[in-house]
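Here the structure comes first, spelled out in structure tokens, and everything after it is commentary.
Residue numbers (our numbering): 75 to 203.
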């Protein structure tokens, strides 16, 4: 059956075909819902492949993914040059800015700052007063 023949059949008897179209839509919806709940191994594999392809396409425009991650460690030489740890937040901010200027794709800091910075100029000014 050609497309024009199917179209002519649907237009000739629209009221009788509505039920079949509705039933086909309900069955397709139930099938997709069952596959989403059950998640067969093949579909999980296919989903992973599509995800990997999308990630590769995203990074291909920016020069690709780096071959190896680079870990920046604060060593004894850095501590001797810039002072003891914890460094003031402005110094950590300068380090992050320099990493961005060097073209880092992502930066992760394995630290958190739960308290106010005791070495900021505002805090030091209040301490002096």
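We put the beta carbon where it would ideally sit given N, CA and C, even for glycine. In this text, all values refer to a predicted model and were calculated from it rather than measured experimentally.
For the alpha helix (DSSP H) containing residue 151, name the first residue and the last one. 150 to 156
Spatial neighbours of residue 117 within its chain, please: C-beta separation below 8 Å, excluding the five flanking residues on both sides. Excluding the 5 residues flanking it on each side, residue 117 has same chain C-beta neighbours closer than 8 Å at 109, in chain order.
Rounded separation between residue 191 and residue 155 - CA only: 20 Å
Could you have a look at residue 177 and say whether DSSP puts it in helix, strand or coil? Collapsing the DSSP output to three states places residue 177 in coil.
Quick check on DSSP: helix, strand or coil for residue 112? helix
Residue 198, enclosing alpha helix (DSSP H) - first and last residue: 195 to 202
So, for residue 159: in the same chain, excluding its five sequence neighbours on each side, which residues have a beta-carbon less than 8 Å away from its beta-carbon? 148 and 153
Contact defined as beta carbons within less than 8 Å: I believe residue 187 pairs with residue 203. What is the distance between those atoms, to the nearest angstrom? No, residue 187 and residue 203 are not in contact; Cβ-Cβ is about 24 Å, not under 8 Å.
Taking Cβ positions, are residue 173 and residue 181 nearer each other than 7 Å? yes
Going by C-alpha to C-alpha distance, which of 197, 196, 166 and 176 sits closest to residue 184? Comparing C-alpha distances from residue 184 to each of 197, 196, 166 and 176 shows the shortest one belongs to 166.
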